[in-house]
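A.B. asks: Quick one: this structure, given as structure tokens, is what I'll be asking you about.
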Amino acid sequence: MEWAFKAGEQSLRLIPADPAFYSLFQQALNASYLDHSEFLPWPREYTSAEQALEFLLKARKEFNSETGERRWLIVTEDGQALIGCIGLKPRTRKRYVVGYWANTEQSGKGYMRAALTHLLNNLPEFTFYLTASSANARSRRLAEAVGFVLIRIHLGARQSERHGEQDTCVYRLPGKPQIKKSPQERGRTVVS
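Residue numbers (my numbering): 144 to 335.
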């Protein structure tokens, strides 16, 4: 599954994780370390070329697995820049948990919003969820701009040196009608 689309005037592609992009992947991770480490548990201060290649080889292998995360790279049409990555972790009953990160050098241009919207719109048979720290305003704004709705807040579920105690916000992308909806899915936000 690969898609070409436009974000403003920029032509972009969503492609399954491809080891051929390991150098751009490495550069994006290293350039974005400070932003990513603020909210994500996995960033390394420095990612080597070997680590980037190993990650993309593993991601390619997992892509077609029933239980593996499906990761798409967002690249410019000419393949000269890596915009970011979107991952879909499978859950039960055609549900996925969405994760994403943007290359700091390419953020703020609407590319991630366009890519996320394009990917999720091309998979209408699935239900999507995502979580974000209450302190991560950029990620929460992006989720809401794409159409995700806040359905639950887990109070004090996260802790970091920089932000202290934070809540975890749980979002759902409304899709096709559900036969029976929970209170959260009927539009109420549940705080626990």
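Just so it is clear, CB atoms sit at the ideal spot from N, CA and C, and this is done for glycine as well.
#1: Helix, strand or coil: which one does DSSP assign to S208?
#2: Measure from the alpha carbon of P317 to the alpha carbon of each residue in A300, Y272, A245, then state which is nearest.
#3: Per DSSP, which residues does P159 bridge with? Please list them.
#4: So, at 7 Å on beta carbons, what are the nonlocal neighbours of G151 in its own chain, with the 5 sequence-adjacent residues on each side left out?
#5: Which full runs of the beta strand (DSSP E) of 3+ residues lie inside the region 217-264, going along the chain?
#6: Tell me whether Y189 sits in a helix, a strand or coil according to DSSP, three-state version.
#7: Can you tell which of H261, L231, G227 has the C-alpha that lies nearest to the C-alpha of N246?
#8: R203 to D161, Cα distance in whole Å?
#9: Would you kindly report the start and end of the unbroken beta strand (DSSP E) that includes E308?
#10: Return the bridge partner residues of A149 from the DSSP annotation.
#11: Could you tell me which residues DSSP puts in a beta bridge with R301?
#12: Using a threshold of 8 Å, state whether the C-beta atoms of R213 and G230 are closer than that.
#13: According to the neighbour-count rule (16 or more other Cβ atoms, all chains shown, within 10 Å of its Cβ), is W244 buried or exposed?
#14: If we call anything under 8 Å between Cβ atoms a contact, is T270 one with K237?
#15: Does the distance from the CB of F182 to the CB of S276 come in under 8 Å?
#16: Applying the criterion that 16 or more other CB atoms from any shown protein chain within 10 Å of the CB defines a buried residue, is N279 buried or exposed?
#17: Kindly indicate the opening and closing residues of the beta strand (DSSP E) around A278.
#18: In angstroms with no decimal places, state the Cα-to-Cα distance between I322 and E268.
#19: Can you tell me which residues form a DSSP beta bridge with V292?
#20: Assuming L157 and H261 make a contact with CB atoms under 8 Å, what is their CB distance in whole Å?
C.D. replies: Let's see:
#1: coil
#2: Y272
#3: Note: P159 sits in a beta bridge opposite W215.
#4: G253
#5: 225-233, 238-245
#6: coil
#7: G227
#8: 6 Å
#9: Taken as a continuous stretch (DSSP letters only), the beta strand (DSSP E) holding E308 covers 307-316.
#10: In the sequence under discussion, the amino acid at residue 149 is Lys, which differs from the Ala named in the question. Beta-bridge pairing links K149 to S154.
#11: Paired residue(s): Q309.
#12: yes
#13: buried
#14: For T270 and K237, yes; Cβs fall inside 8 Å.
#15: yes
#16: buried
#17: A278 -> no beta strand (DSSP E), and no H or E assigned at all.
#18: Note that I322 has pLDDT 46, beneath the 50 cutoff, so the model's placement of it is unreliable and no number is given.
#19: R315
#20: 6 Å
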